[in-house]
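Undergrad:
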Amino acid sequence: MIEAPDNTLWDVRQAAKFLGVSVKKVRSLIEKREIPFVKIGRLYRFRPASVQTWVKRQEQDDLPA
16 MIEAPDNTLW DVRQAAKFLG VSVKKVRSLI EKREIPFVKI GRLYRFRPAS
66 VQTWVKRQEQ DDLPA
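Here the sequence shown is numbered in our numbering, starting from 16 and rising by one per residue.
#1: Of the choices V41, N22, T68, whose alpha-carbon is the least far from that of A30?
#2: Using a 10 Å radius around the Cβ and a threshold of 16 neighbouring Cβ atoms, would you call R57 buried or exposed?
#3: Kindly indicate which three-state DSSP category V53 falls into: helix, strand or coil?
#4: Whose C-alpha, out of T23, V38, L44, is nearest the C-alpha of W69?
#5: Does the beta-carbon distance from L34 to R60 come in below 9 angstroms?
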């Protein structure tokens with residue numbers, strides 16, 4: 016997992032790369048407000064620690080067998 020200082024912000028491309036998804040998918044998650052983001056003017060940015068926490072919350076422990 017990528018470790019970054021608290022003051023680092025990822026752009027949409029960096030978040031997509033970390034998540035292993037397309038930029039279009041990240042933009043969809045933003046529109047649905049499913050992923051934590053920071054909006055600076057017209058730009059969307061992501062705190063790495065917030066994205067990592069969000070990913071951990073997405074884990075499914077109780078999947079049916």
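Ideal placement from N, C-alpha and C gives every residue a C-beta, glycine not left out.
What you are looking at is a predicted structure, and each value in this text was computed from that prediction instead of being measured.
TA: The structure says:
#1: V41
#2: exposed
#3: strand
#4: L44
#5: no
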